[in-house]
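Protein chains in written order, with UniProt numbering: chain A, 1 to 829; chain B, 1 to 829.
Below, the structure written as structure tokens:
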């Protein structure tokens with residue numbers, strides 16, 4: 001067995017082959033331990049190959065023949081050896097130091113590594129008794145892998161101990177940080193693939209260390225695995241100089257420790273020593289920070305000194321091993337081990353090429369399955385190397401967050417009600433008002449709720465929350481921050497200008513049993529639409545996994561909405577996130593567009609109290625008319641849709657027209673259109689319908705919230721014109737309602753149709769025909785029997801619209817009378 | 001004036017205030033030059049404040065009163081001074097070295113800086129004669145900014161010299177690299193905001209330097225502007241130690257040079273010296289690389305030595321200045337300069353607070369507008385500091401890429417035709433076949449076409465392209481790469497595992513007049529859906545800007561489609577990108593789903609020959625049945641939709657059912673369903689309709705490709721059941737067709753409805769009811785007058801379906817007969 005040798009700059013080969021080169025010296029393992037780790041490594045890798053190849057003869061008690069092979073070979077071997085090395089040596093430290101840890105597998109299809117460990121720990125068999133710890137159980141364990149009706153090649157929800165599937169790459173580190181926030185004893189051992197490391201979300205998520213407080217949070221121990229290759233390409237980080245690599249991670253604020261090579265014995269020693277060094281460092285940093293806190297703690301309003309608490313240079317490991325380590329180096333003259341050919345199924349033609357089958361058999365037998373699993377059960381001395389009970393990483397309840405989830409203690413949202421004496425008689429920022437409630441949700445749950453956002457919380461008028469929880473900031477503090485900075489090492493608001501990182505943190509936080517809210521400008525939430533897709537898929541699949549408990553909902557509050565992005569221009573006008581969300585499974589997605597402040601309170605409360613959903617709430621932050629008292633709002637939101645009698649003149653009879661709306665700005669314009677219509681035709685029977693819960697529009701067959709057709713007709717009729725003013729792209733409403741009785745003839749939807757520039761709010765609405773004048777004209781054009789007055793009314797409305805536009809083009813502002821428009825027509829209520 | 005002092009580690013203050021600290025020493029400016037730069041700086045900043053505040057009295061010839069102010073104050077001052085410093089000192093070098101350069105403004109609302117420079121260069125007045133170089137022109141220039149009907153506060157398409165709007169942050173560097181690829185003399189001076197620098201896409205795009213070849217490409221000169229604050233927060237990079245910052249960018253492979261401070265004279269000298277150092281370095285690297293190429297050039301198949309050509313450590317600048325530099329330091333005791341309050345409109349209440357109005361006036365007058373613009377025209381000695389003609393960065397034709405765009409030389413795609421003697425009689429990978437055409441497109445256009453992809457080109461069966469252009473790789477080369485690595489410093493294929501970077505590079509490449517194709521797995525293209533949104537908005541807005549020429553289309557080829565992601569599981573099943581794209585303006589988006597290989601060729605040709613679109617092409621990479629001869633394919637694709645007589649039995653008469661499809665896998669199952677139906681009911685009159693061009697489905701009123709209702713009825717009828725098998729989420733078809741005659745009753749759409757796991761292709765289809773059996777049963781259930789045989793046929797189909805599933809669950813594969821299904825029913829053709 002060779003020595004670990006200290007890497008120096010004269011030793012700059014980037015090849016992963018050779019005796020271990022490691023930053024941290026030491027040989028912590030005795031010869032007996034070393035032998036055992038070599039055996040454990042073999043046992044682990046044998047299981048991986050078994051999963052990829054075998055449907056029978058699981059321990060190779062018979063010579064390997066084609067009939068033992070799966071007909072369709074699937075699975076990925078490439079990153080398994082490196083992941084196994086990290087996992088098993090961390091187990092040693094879990095036992096030695098009684099660590100509370102989870103394992104996050106970043107590499108895409110890296111599940112075989114994780115599944116093997118869970119099986120070896122016995123957890124897999126506990127949860128899935130079919131895959132028992134015997135020969136037949138092993139056979140089943142192999143066969144189900146990447147097999148119809150079985151389990152996937154990622155660390156899917158079916159995988160014990162997983163909170164991170166990694167199908168779409170890039171989020172391992174942000175998920176890990178989310179998991180350890182507010183879990184001071186937790187360590188997330190996180191292997192990051194070097195392919196994944198090229199993604200943008202991963203590249204910025206390394207900066208998460210500036211937002212982690214060693215006093216109250218746990219630690220993330222990243223292992224950047226320089227596996228060398230992606231599917232068909234070398235990786236960027238594996239081909240830059242060691243100096244650049246070290247600089248890069250020093251620059252990110254980590255203390256990188258290298259472990260490089262392929263010599264088994266020396267690599268085992270190096271990994272054992274390095275991981276132990278990291279754990280000791282982590283515990284030291286935590287102890288120092290927590291010891292400091294026993295001295296008088298500064299009040300939350302005080303200005304923290306730059307050195308308190310210090311941001312530690314947390315340790316990380318850069319592990320360089322050959323891709324497909326321990327596979328045959330070459331087959332038929334082509335490199336396998338240490339090249340991208342080892343990425344997926346390492347030898348693909350074993351069913352048709354008997355020489356290759358023999359190579360595979362020899363390779364598999366080199367792992368000595370019959371010695372290590374003599375009766376299909378791992379030998380006791382290896383089994384004893386695993387931790388016990390919940391200390392086993394695949395059994396840690398943190399990774400089944402629903403188990404440890406505590407319900408939020410929610411203040412009574414009614415106490416934050418906006419007084420509404422007369423519907424539409426007062427203008428208030430619903431968001432500003434709701435911020436008081438949000439502050440108290442945060443204050444009442446000081447360890448289990450955080451607010452996330454990409455530098456927009458204050459802009460979104462939610463800054464009241466800083467009264468109980470400032471923004472987490474572990475960087476330098478300047479004099480200027482004293483006044484209005486709202487920064488603190490012990491804050492509760494997480495702000496980084498990366499929607500990806502915010503979303504990743506929140507996902508990790510929620511999946512480990514805590515609660516949170518992501519607030520964002522509406523136009524830029526599409527940045528994370530693919531992440532939200534993937535989270536929806538995760539929680540939907542969890543519903544099918546019996547042992548998974550329901551987790552907290554992932555709540556997304558969208559504000560600075562399209563209709564108030566007039567002045568920011570075309571790039572800021574995109575309400576299309578809803579189109580993405582509604583395609584996901586009806587079991588897990590909910591979309592709410594509260595029309596006013598009391599509805600917003602009711603909806604927020606509902607979302608915070610829910611579980612296992614992705615809740616999307618869309619509400620503007622500017623001042624808006626308020627329509628409903630709290631009691632009315634609760635009723636309206638509970639129903640999700642309702643006729644608003646105070647703006648209706650149909651007295652329960654068949655209306656001439658239904659003026660419907662969904663979204664706060666859209667509702668406002670729709671009601672203003674009713675006003676205009678009645679000015680011209682006071683006898684019109686108009687019905688005002690408002691939608692809070694978007695899924696009310698779809699059939700109850702397709703979504704649990706959907707209306708029956710009968711309920712639909714009771715609100716919208718089946719034969720009267722409906723002018724529907726919608727917050728987002730109008731076609732979404734058609735997609736939801738295409739089967740409704742009469743909808744194809746009667747339903748006229750207005751919404752954002754990709755028309756905009758530097759505008760005023762009215763001008764932007766007019767371009768998209770969602771303004772009061774256009775809506776009123778829409779109605780006029782569709783109500784039968786209006787007679788000769790129709791043309792005159794239309795012209796009058798058009799002229800009023802033109803006059804209003806002219807004011808905007810002259811002054812840069814909409815007419816005061818319009819923006820200050822109030823409801824004063826004295827409807828009976 | 002103070003000295004520049006060399007920064008050292010003992011001088012670690014991160015404050016942006018004080019005498020310049022700079023890595024590069026030198027005082028290149030004479031006192032006269034220094035005075036002029038100070039004046040030019042003042043003139044520039046004055047214009048910025050004018051844009052934000054003034055609608056009258058543009059040169060402050062009268063005392064400033066409320067009536068001179070815009071009623072609605074909009075715009076951002078924060079990053080303007082730093083951007084101006086970079087821009088104007090680069091002008092000096094453009095003149096001195098006759099540089100060909102463009103300027104990319106990364107900071108979000110940074111347009112005032114760019115607009116001011118364009119105005120000072122005279123370009124703005126040339127393009128927009130209203131904004132002439134006199135007092136009235138200046139007044140108009142001010143008033144139109146962030147004003148309805150005017151221009152935005154980003155570097156929008158209306159902004160001369162811009163290829164990067166920056167509304168959604170994070171793409172400045174990838175756009176810059178895209179612009180300089182294959183433009184060996186171009187330098188893209190790129191200011192990156194420190195807010196933007198926190199985004200994921202930006203964080204990984206710094207690695208673009210590993211993909212730039214100094215022989216054939218130009219250079220990007222990044223200026224990371226540590227402005228200190230985002231909207232309401234400090235920035236991460238401005239609050240880490242200088243050592244960490246230096247390490248980070250060294251680690252990214254750049255040579256960072258610091259320029260920090262706020263003392264005007266010393267900062268001017270430092271910036272002038274540092275920029276010049278960088279330009280000299282860039283030219284030296286280029287010269288070295290290009291000189292080397294005059295020695296015998298290695299053939300493209302040879303193995304490059306690790307040192308040839310070397311990847312230079314390109315220079316970059318880290319510029320630290322106070323946010324809102326030169327603004328009042330404090331107002332009413334609150335920090336303004338050097339704090340986030342200077343981000344947007346620096347003093348907001350000037351209309352109502354006369355003291356603040358006086359502060360603003362004093363501030364504006366400190367820039368001496370009347371001395372510098374005596375007759376509303378910049379004094380000649382300052383005007384002379386700008387370059388001339390197209391050397392002015394805001395006049396560079398590269399940034400109006402349509403001007404320099406050359407049409408692709410396209411080989412005749414017919415020559416790559418797949419022979420189809422009998423429709424559905426042969427199975428071929430359409431993608432593999434098309435790769436030959438793509439190879440020759442690339443080979444025929446060796447300097448104006450590149451292929452981009454996130455490590456999936458080979459997996460996507462496009463590797464034939466490596467015959468004429470390998471993958472660009474400027475990193476280390478290993479022995480293993482010789483066999484199958486396909487790497488070369490002078491490649492034409494751009495692969496990094498970052499969809500963001502690929503998309504950003506391609507956007508930059510296309511916007512500067514070149515051509516390209518992005519190939520990606522379908523499930524992960526949603527990662528860049530927001531980027532594609534923004535690009536659509538850019539090219540749509542360009543249509544309204546008279547002087548902008550049409551650029552090449554941005555082509556996105558999606559493969560490894562949802563229906564062949566059965567084995568990869570649920571995370572890999574997401575065809576929702578189309579929902580995002582169709583919401584964009586019909587002027588700019590096109591979506592094609594070619595059913596077979598000849599159609600794919602025809603579609604690709606069409607897309608390559610088009611301009612100013614975002615073309616999305618969806619086609620699987622596996623083997624599929626081939627249906628159309630090349631002539632038939634051309635006709636089918638030209639029409640975009642067609643009845644396929646070879647699979648129809650309605651003989652032109654009214655059919656009993658229309659079996660429609662869109663997408664290759666979907667078409668295959670639909671035709672198999674026709675086969676099943678005819679087995680049970682040989683006399684059925686079935687019409688087979690296929691859709692290539694998705695927008696055919698929508699009304700011609702809403703999209704130029706749309707069918708009229710009459711054309712719709714000619715294909716689909718208005719009263720017969722239509723079983724439409726769709727590639728993506730079924731609701732998209734309903735969204736497109738909700739107004740079609742009879743559609744609400746007759747149109748039954750099947751598609752992916754978010755049901756999946758580890759499956760076989762058939763199992764995945766069955767879960768989503770898109771398989772042949774389900775489609776046939778769908779048809780049976782909707783065709784009237786089938787009598788008693790209906791139930792028996794349904795049961796028989798159901799049993800056949802169950803048997804097929806059972807095979808899959810047993811073997812892991814679909815029944816051979818099913819996957820190898822061929823068309824052998826002898827339809828008349």
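Even for Gly, the Cβ is constructed at its ideal location relative to N, Cα and C.
Straight-line measurement puts the Cα of residue 755 of chain B at about 29 angstroms from the Cα of residue 640 of chain B. In this structure, the beta-carbon distance from residue 38 of chain A to residue 286 of chain A does not fall below 8 angstroms.
Look at residue 521 of chain A here: in three-state DSSP terms it is strand. The beta carbons of residue 463 of chain B and residue 495 of chain B sit no closer together than 8 angstroms. Annotation: the continuous beta strand (DSSP E) that includes residue 688 of chain B extends over 686 to 691.
In this structure, residue 80 of chain B sits near residue 48 of chain B, with a CB-CB distance shorter than 8 angstroms. In terms of Cβ geometry, residue 553 of chain B and residue 607 of chain B form a close pair [threshold 8 angstroms].
The C-alpha of residue 738 of chain B is placed about 15 angstroms away from the C-alpha of residue 579 of chain B. If you draw a straight line from the Cα of residue 802 of chain B to the Cα of residue 143 of chain A, it comes to about 21 angstroms. For residue 22 of chain A, the three-state secondary structure derived from DSSP is strand.
Pairing residue 795 of chain B with residue 773 of chain B, the inter-Cα distance amounts to about 10 angstroms. The C-beta of residue 93 of chain A comes no closer than 8 angstroms to any C-beta of chain B.
Scanning the stretch 684 to 762 of chain A from its first residue to its last, the whole alpha helix (DSSP H) runs of 4-plus residues come out as 709 to 716, 731 to 737, 743 to 746. Take the alpha-carbon of residue 502 of chain B and the one of residue 812 of chain A: they are about 40 angstroms apart. Below the 7 angstroms Cβ cutoff, chain A contributes 583 as neighbours of residue 729 of chain B, in chain order. Taken atom to atom, the span from the alpha-carbon of residue 780 of chain B to that of residue 576 of chain B is near 29 angstroms. Secondary structure note for residue 500 of chain B: its alpha helix (DSSP H) is the uninterrupted segment 499 to 511. Setting aside the 5 residues that flank it on each side, residue 736 of chain B is surrounded in the same chain by 697, 698, each with a C-beta closer than 6 angstroms to its C-beta; the list follows chain order. Per DSSP, residue 188 of chain B is one residue of the beta strand (DSSP E) stretching across 186 to 193. Neighbourhood of residue 400 of chain B in chain A, by CB distance below 9 angstroms: empty, with the nearest CB roughly 19 angstroms away. Rounded to whole angstroms, the separation of the alpha carbons of residue 54 of chain B and residue 365 of chain B is 13 angstroms. Around the CB of residue 791 of chain A, fewer than 16 other CB atoms lie within 10 Å, so the residue is classed as exposed. When the Cα atoms are used, residue 233 of chain A and residue 469 of chain B turn out to be separated by approximately 15 angstroms.
Using a CB distance cut-off of 8 angstroms, residue 149 of chain A counts as an interface residue toward chain B. In summary, the residues of the stretch 233 to 265 of chain A whose CB is separated from some CB of chain B by less than 9 angstroms are 233, 234, 235, 236, 237, 238, 239, 240, 241, 243, 244, 245, 246, 247, 248, 249, 250, 251, 252, 253, in the order they occur in the chain. For chain B, the residues of the stretch 487 to 498 of chain A that bring a beta carbon within less than 8 angstroms of one of its beta carbons are 487, 495, 496, 497, 498, in chain order. In this structure the stretch 87 to 98 of chain B does not touch the stretch 168 to 181 of chain B; the number of beta carbon pairs closer than 8 angstroms is below three. Between residue 223 of chain A and chain B, the shortest Cβ-Cβ separation is not below 8 angstroms. Residue 612 of chain A places its beta carbon less than 8 angstroms from that of residue 588 of chain A. Against residue 78 of chain B, chain A offers no close residue; the least beta-carbon distance is about 13 angstroms (beta-carbon pairs closer than 8 angstroms).
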